[in-house]
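Residues -33 to -1, 1 to 531, numbered by mature numbering (1 follows the signal peptide of the UniProt record, and there is no 0), are exactly what the sequence shown covers, in order.
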Amino acid sequence: MAACTAAAAVRTTPLPLLLLPLLLLLLVHAAAGETMVAEDWLEKPPRGDSPFGSVWPRPQVLRSSAIALQLSHERFRLEHDPASSAQVGCQVLDDAFRRYYNIIFSGSPYPGASSKLHRKPTTKTRAVGEVSLLSVLVQSSHNDCNDFPGLNSNESYELSVQAGESLLQAPSVWGALRGLETFSQLAYRDDNDGILMNKTEVVDFPRFRHRGLLLDTSRHYLPLIVILETLDAMAYNKLNVFHWHIVDDQSFPYQSQTFPELSEKGAYNPSRAIYTETDVGAVIWYARERGIRVIPEFDTPGHTQSWGKGEPNLLTPCYNGKEPSGLFGPVHPVTNSTYDFMKKLFNEISNAFPDHYIHLGGDEVSFSCWQSNPDITSFMEKMSFGKDYKKLESYYIQQILDIVASYKKGYMVWQEVFDNGVKLKPDTVVHVWKFMAEHYKQEMADVTAAGFSTLLSAPWYINSIAYGQDWTKYYAVEPLDFHGTDKQKELVVGGEACLWGEYVDGTNLTPRLWPRASAVAERLWSDKSVTDVNDAYSRLAKHRCRMVQRGIAAQPLFVGFCDI
């Protein structure tokens, strides 16, 4: 009652009295010679529908007519084309057919869900035909149904939606998955809850091969269900790499079969805050069925305090003068036991994670503990390193790179490894993260000039939040906006949005991430010319509602209503 009474009081207050504070504020600013400018977050975004509907990310080519076609829950079928190289038994597509059938008719990937698809703004749409079948034709000389997606997987597809039989063509099952996502996004419902789809032609492919998302599961343990839900959302946004920053200083939740004491002593809880072999396999398999690669990161020699709890001789003892201080620094780089340990651990990791790449970190290494340790000082003299501890870091990382290469794996590293002059294999991917704009642009130029492939994350740290529509700053980034030749820019394989975990756990991860990471997803998929923020707002607002319908608790872009 108090709220109602207060509202009534406001309505009966004379208008001039309500305006008095604002008038006084205007007079103060006018007297100071200032001009009042509305804050960005007070400006209402433009309304209206995008000519590209609500598909996110925007396809390379999309032509849609006003002709609406019906889809019947009882009659519509998703099937393998008789000429397809993928047939019944191709689990990736068989499962995708079931998943997207549920999404199209309930708005959710789960059978029996009661949520509905979004309504199209007009309520006068009438179907003039029916889509009875989507035939999926994979045209590949190699049956990739049993493969894992990789950096060079072909994700292109063509989609023709028309009355009767519609056709989705792709050169791989991974392209077919992307086409199914687009097909599902074209569906909407009328006022009678009928499912409609306009006659549409799509030709589509990603601009960049690597479109990733980093999650940090060390600073806060993320329950398995949260990771799987994030993989669903990634598929809805056509992201294709889950960068799993699985361990760090704070905790070691990866349950190693070779060194079980690492998680027994390094995890927050050795039984409830770990990722078992089964958990890791579930994440990899769930991701694969959505065309997503899983790249683990085991960052050394820094960021390893949790490692030392289960492997006591791994870290460097720090000294205070001639006596140990009781503190420990980065991985000890000069003992044989360190490299014996790393060989065994990375052998296990190489077998556990099927992707060609492992992220080896290499960032933010403090040299103070190394400088205090007498054994390391002696080693530096023996190696003629002088006082240059970057040479010692390079020595260590070179050993790790050689170990990983011996297991036929490629590697990704943070930019400091390149900056410090480590000798890298030609296929190394250098990950640029330091986020001052001019710095990262120069870094991109330097890395590509040296002939290395690179990933960009510097402007896409999603854990950094601000009031208002900060997604627009992620959307405005152009990954190739640095000085370099066309050949250099071809070395940019893509980028990643990063969600570091200092202030994020399973309770707030999803709304913190989506739809802000969606802005990065479109930047990495769509053509360079797709930069209209007004058009993006229209589509992203609908896409956000679509994610909510599908069970993803994506936060709002601005005021509005999801008609679900």
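For every residue, glycine included, the Cβ atom is placed at its ideal position computed from N, Cα and C.
Computed from a prediction, not measured in an experiment: that's the story for all the values here.
Boundaries of the alpha helix (DSSP H) in which residue i is found, first to last residue
i	result
Gln516	Val500 to Gln516
Gly275	Gln272 to Gly277
Ser304	Asn303 to Ala319
Phe72	Gln58 to Ser73
Cys336	Ser335 to Ser339
Asp183	Looking at the DSSP string, Asp183 is not in any alpha helix (DSSP H); the run it does join, the beta strand (DSSP E), is His177 to Asp183.
Val332	Element bounds for Val332: n/a, residue is neither H nor E.
Ala143	Val140 to Leu153
Val487	Arg483 to Trp492
Lys232	Glu228 to Gly233
residue 557	Outside the displayed range of the chain (-33 to 531) lies residue 557, so it cannot be described from this structure.
Residues bridged to residue i (per DSSP)
i	result
Met164	Leu36
Cys135	According to the sequence displayed, residue 135 carries Leu and not Cys. The partner list for Leu135 (beta bridge, DSSP) reads Val103 and Leu126.
Val444	Its beta-bridge partners do not exist; DSSP assigns none.
Leu29	Val169
Arg44	Leu100
Ile262	His210
Ala417	The partner list for Ala417 (beta bridge, DSSP) is empty, contrary to what the question assumes.
Ala94	Ala35
Tyr221	Tyr242
Val399	Leu423
Coil, strand or helix - residue i by DSSP
i	result
Leu359	helix
Val250	helix
Tyr378	strand
Ala372	helix
Asp394	coil
residue 532	Outside the displayed span of the chain (-33 to 531) sits residue 532, for which this structure offers no information.
Ser127	strand
Glu290	strand
Ile531	coil
Val214	coil
Pro88	Model confidence at Pro88 stands at a pLDDT of 47, short of 50, so the residue's coordinates are unreliable; what they give is reported in the following sentence. Pro88 falls in the coil class under three-state DSSP.
Thr283	strand
Gly451	coil
Phe295	strand
Tyr188	coil
Ala50	coil
Glu463	strand
Arg156	strand
Trp438	helix
Arg255	helix
Phe352	coil
Ala200	helix
Thr344	helix
Leu118	coil
His406	helix
Glu383	helix
Gln366	helix
Val193	helix
Among the options, nearest to residue i - alpha-carbon criterion
i	options	result
His177	Asp48, Glu244, Val487 and Val140	Val487
Asp437	Glu445, Pro426, Leu447 and Gln217	Pro426
Arg490	Gly179, Cys336 and Thr167	Gly179
Phe402	Val384, Val380 and Tyr428	Tyr428
Glu46	Leu135, Ser485 and Asn113	Leu135
Ala417	Asp386, Tyr407 and Trp400	Asp386
Asn113	Pro76, Gly56, Val169 and Leu476	Gly56
Pro478	Leu458, Gln522 and Ser230	Gln522
Leu282	Ile251, Val261, Met350 and Ile343	Ile343
Val298	Gly277, Gly288 and Asn318	Gly277
Ala464	Asn207, Gly275, Tyr242 and Glu405	Asn207
Gly131	Gln37, Asn119 and Gly473	Gln37
Leu118	Asn280, Tyr504 and His323	His323
residue 539	Met411, Arg483, Glu469 and Asp448	The requested residue 539 is not part of the displayed model; the chain covers only -33 to 531.
His210	Lys390, Gly461 and Ala508	Gly461
Thr474	Leu100, Thr197 and Ser52	Thr197
Thr305	Asp530, Asn165, Gln366 and Gln27	Gln366
Val444	Tyr235, Tyr407, Ile262 and Pro173	Tyr407
Delimiting residues of the beta strand (DSSP E) encompassing residue i
i	result
Arg174	No beta strand (DSSP E) contains Arg174, which DSSP labels as neither H nor E.
Tyr470	Looking at the DSSP string, Tyr470 is not in any beta strand (DSSP E), and its letter there is neither H nor E.
Ile325	Tyr324 to His326
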